[in-house]
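Chemist:
If you want it as structure tokens, here you go:
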């Protein structure tokens, strides 16, 4: 690939669009109103059109005012329709922004048809054209106009988030408390909406409204999966935004070439990269990722299978009338557990490794240590059954299921309390012996 | 009616006048608990009561939720707000704190309108009212109680964090300061909320169901904390659901079911008859009138 000054300006514009959107977008994600970004970035269109028709120029200032006014109007109208009752907030948002967007389209097509404010450009953006429209910046020479605008927008967004960091935080977390402390959550809300609208407009020209929505939401959403601290989340979101822009452009000019096609649209590729990064975060995030959750679940189900095997072998010994006299083959264990072969295999393997179970003549039997553990589990199970029958008045044939779940989370201290509560019973509701918790109990029990 | 309004205005005037002096000596009065609770009769409100609600009505979509509430909180007491679901208990607190609009009525905090007395009032919202997946830890949440005092655009300083940590320590949660809030149990979350209220160092507290869904240890810890607050002269209003513990926890009660059924010392008003009136489901004439108005309002 050949990198030119044009590529540099495209990337700079892309990065500035992405970080500006991501910065304010974090707060949309946190307030669970991500769709507001979608709504506002579409709804500003009539604001742009009216500003254009009134001033007859594409001067940035008028556009920003128009967009900001309509952006706030979107938020106000959505709130108002929702406040009427019977229309939920996403439905009212849908009503408001589609109507405003359509109105904007009509205004553009009817009133501003002859000039280059075309709807296609609003949707897809024209980041490739950014380097062509330059202004002569006194200090830095010729700089693309969009880059100047976006840099200004990023500075404004950064100052807003820096100065109102704690106000934004408390308004997003607990608006009622904020209001009682004299921090008007509504003012912060509409301030944020104004910035979302202005940022959308600034980024529109370069990357188009679809990518604006992606950059408002995706970096914040991905970052929220990666951390539990707000400051870190904001920092990550900015990093992700930068990655999207840089990798997006590099991918746009390289990937299609590998397959013999000409370079493709940078804005589109940025959104694709954002999607890939989000997918990576969703799968691989340390605590909230799908992978770590799956591992956590698997570990838990193996542990439960281990305990179930211990309990089962203990009951087999009871039925068989003696220690080591019975046991089970692996297949029977697995069918009785009702778990998959991998979970069952892992459970048996771990039990053997910890020395709770040993294999003799192809059958698995409890060791001394395993028997002690199994006894605790069975004791917990039967105490729970007794408790549920005695104190919650459940029928004796309805308590097995809940007791099966509860036995896995009952330690010996809790067993003692259960035993005390139920009058230190020796038999459970089905008439089975409740194993003793300690040797002294055993002496009492007999 | 006009006569009554005129009387109220006159009274509001004197209450506000009297506040200047009372305001300056406020600290002394509050900590020593010198202000004598006066039982309100009719429109006579005691001056400088921690909370004085006069003739307050609140409606959602023209349906009245609170009807003509008249209440004076005695100084330095634990006050239970008791009533069935939908009785307007939370709404009462929110209306006092200007979180929901009042259709009519006047609220004074230590003799002055609430917006001038924000610093004196602490609020513990219902635990379900916030998003516990929010990326903050326990210490951050407690520090939020200081945001009003820190002021706009200023960061949370080291001293503020220390104060927040002390408050967490008071509720036995110092070890969990760095824990993300979704990793806390319901009882621990409630304690964090209480620590946040403590750090506000208010004189008058409103707590919306602090006992809801907490474990026995937390309930006990909250009770001890409430008693501590009372012993240093704070006034606490608590929305409470468990009738079993009402007599044990509270000095004073406000029995509410859209309108006030009874208020007074627990020993006097916590009676079978009052409870029956509060929870009994039988509409009194006044409620029937309110219902009729509500249905007309909806029909319009």
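Residue numbers (this note's numbering), protein chains in the order written: chain A, 65 to 510; chain B, 144 to 443.
Ideal Cβ positions, reconstructed from N, Cα and C, are used throughout, including at glycine.
Note that the structure is a prediction, hence the values are computed from the model and not measured.
State yes or no: is the beta carbon of residue 323 of chain B nearer than 8 Å to at least one beta carbon in chain A?
Modeler: At least one chain A Cβ lies under 8 Å of residue 323 of chain B.
Chemist: Out of A:456, A:291, A:438 and A:405, which has the shortest C-alpha to C-alpha gap to residue 382 of chain A?
Modeler: Measuring from the Cα of residue 382 of chain A, the nearest candidate turns out to be A:438.
Chemist: Between the alpha carbons of residue 325 of chain A and residue 317 of chain A, how many angstroms are there, rounded?
Modeler: Their backbone Cα atoms lie some 10 Å apart in a straight line.
Chemist: Along chain B, which residues have their Cβ under 9 Å away from the Cβ of residue 294 of chain A?
Modeler: Result: 277, 278, 279 and 283.
Chemist: Whole angstroms are fine: how far does the CA of residue 215 of chain B sit from the CA of residue 107 of chain B?
Modeler: In the structure as shown, chain B starts at 144 and stops at 443, and residue 107 of chain B therefore has no counterpart that could be examined.
Chemist: What is the DSSP secondary structure of residue 191 of chain B, reduced to helix, strand or coil?
Modeler: DSSP places residue 191 of chain B in coil when its eight states are reduced to three.
Chemist: Helix, strand or coil for residue 205 of chain B per DSSP?
Modeler: Coil at residue 205 of chain B, not helix or strand.
Chemist: Taking the alpha-carbon of residue 280 of chain B as reference, which of B:411, B:231 and B:339 has the nearest alpha-carbon?
Modeler: When each option's Cα is compared against that of residue 280 of chain B, the closest is B:339.
Chemist: Could you name the residues of the same chain whose beta carbon sits closer than 8 Å to that of residue 307 of chain A, not counting the 5 residues immediately before and after it, in chain order?
Modeler: Hits under 8 Å: 337 and 341.
Chemist: Beta-carbon of residue 244 of chain B versus every beta-carbon of chain A: anything under 8 Å?
Modeler: Not an interface residue.
Chemist: Apply the 10 Å Cβ neighbour rule to residue 91 of chain A and answer buried if 16 or more other Cβ atoms are within range, or exposed otherwise.
Modeler: Residue 91 of chain A comes out buried.
Chemist: Quick one: what's got a C-beta closer than 8 Å to residue 268 of chain B's C-beta in the same chain, skipping five residues either side?
Modeler: Same-chain partners within the cutoff: 336 and 351.
Chemist: Tell me where the alpha helix (DSSP H) around residue 432 of chain A begins and ends.
Modeler: 432 to 456 is the extent of the alpha helix (DSSP H) around residue 432 of chain A.
Chemist: Taking only runs that begin and end inside the region 338 to 413 of chain A, name each unbroken alpha helix (DSSP H) of 4 or more residues, in chain order.
Modeler: Runs found: 354 to 384 and 394 to 401.
Chemist: The alpha helix (DSSP H) with residue 74 of chain A in it runs from where to where?
Modeler: Unbroken alpha helix (DSSP H) run through residue 74 of chain A: 69 to 94.
Chemist: Taking only the alpha-carbon atoms, compute the straight-line gap between residue 492 of chain A and residue 447 of chain A and give it to the nearest angstrom.
Modeler: Computed Cα separation, rounded: 7 Å.
Chemist: Going along the region 232 to 264 of chain A in order, which residues come within less than 8 Å of chain B, judged by CB to CB distance?
Modeler: If the cut-off is 8 Å between Cβ atoms, the region 232 to 264 of chain A has 233, 234, 236, 237, 238, 240, 241, 242, 243, 244, 245, 246 and 247 near chain B.
Chemist: Please list the terminal residues of the continuous beta strand (DSSP E) segment that includes residue 408 of chain B.
Modeler: Run containing residue 408 of chain B: 402 to 408, per the beta strand (DSSP E) assignment.
Chemist: Using the C-alpha atoms, what's the distance from residue 189 of chain B back to residue 408 of chain B?
Modeler: Looking at the two C-alpha atoms, the distance is approximately 16 Å.
Chemist: Please state if the CB of residue 264 of chain A and the CB of residue 121 of chain A are separated by a distance shorter than 8 Å.
Modeler: No; because the gap between Cβ atoms is not below 8 Å, this pair is not in contact.
Chemist: According to DSSP, simplified to helix, strand and coil, what is residue 129 of chain A?
Modeler: It is helical.
Chemist: Tell me whether the beta-carbon of residue 352 of chain A lies closer than 8 Å to the beta-carbon of residue 78 of chain A.
Modeler: Going by C-beta atoms, residue 352 of chain A is not nearer than 8 Å to residue 78 of chain A.
Chemist: Residue 374 of chain A and residue 428 of chain A: beta carbons closer than 8 Å?
Modeler: In this structure, residue 428 of chain A does not lie closer than 8 Å to residue 374 of chain A by Cβ.
Chemist: Could you check which residue in B:263, B:210, B:237 and B:203 has the C-alpha nearest to that of residue 402 of chain B?
Modeler: Taking only the C-alpha atoms, the option nearest residue 402 of chain B is B:210.
Chemist: Please classify residue 296 of chain A as buried or exposed, where buried requires at least 16 other C-beta atoms within 10 Å of its C-beta.
Modeler: With fewer than 16 other Cβ atoms within 10 Å, it is exposed.
Chemist: Report the rounded CA-to-CA distance for residue 386 of chain B versus residue 366 of chain A, giving the unit in angstroms.
Modeler: About 45 Å.
Chemist: Cβ closer than 9 Å: which chain B residues qualify as neighbours of residue 94 of chain A?
Modeler: Those are 274, 277 and 278, listed as they occur along chain B.
Chemist: When the Cα of residue 237 of chain B is compared with those of B:257, B:222, B:253 and B:226, which residue comes out closest?
Modeler: Minimum Cα distance to residue 237 of chain B is reached at B:257.
Chemist: Can you pull the DSSP bridge partners for residue 208 of chain A?
Modeler: DSSP, once it has assigned bridges, lists A:198 as partnering residue 208 of chain A.
Chemist: Which residues, taken in chain order from the region 211 to 232 of chain A, show a beta carbon closer than 8 Å to some beta carbon of chain B?
Modeler: Within the region 211 to 232 of chain A, the qualifying residues are 227, 228, 229, 230 and 231.
Chemist: What residues in the region 269 to 291 of chain A have a beta carbon less than 7 Å from any beta carbon of chain B?
Modeler: Listed in sequence order: 288 and 291.
Chemist: If we count the other Cβ atoms within 10 Å of its Cβ and call it buried at 16 or more, is residue 371 of chain B buried or exposed?
Modeler: Residue 371 of chain B should be labelled exposed.
Chemist: Can you say whether residue 72 of chain A is buried or exposed, counting buried as having 16 or more other CB atoms within 10 angstroms of its CB?
Modeler: Burial call: exposed.
Chemist: With 8 Å as the threshold, decide whether the Cβ of residue 353 of chain B is near any Cβ in chain A.
Modeler: For residue 353 of chain B, the answer is no, since every Cβ of chain A falls outside 8 Å of its Cβ.
Chemist: Check whether chain B comes within 8 Å of residue 357 of chain A, counting only Cβ atoms and requiring the distance to be less than that.
Modeler: Output row for residue 357 of chain A: interface = no.
Chemist: Sort A:140, A:195 and A:303 by Cα distance to residue 69 of chain A and report the nearest one.
Modeler: Selected option, being the one with the closest Cα: A:195.
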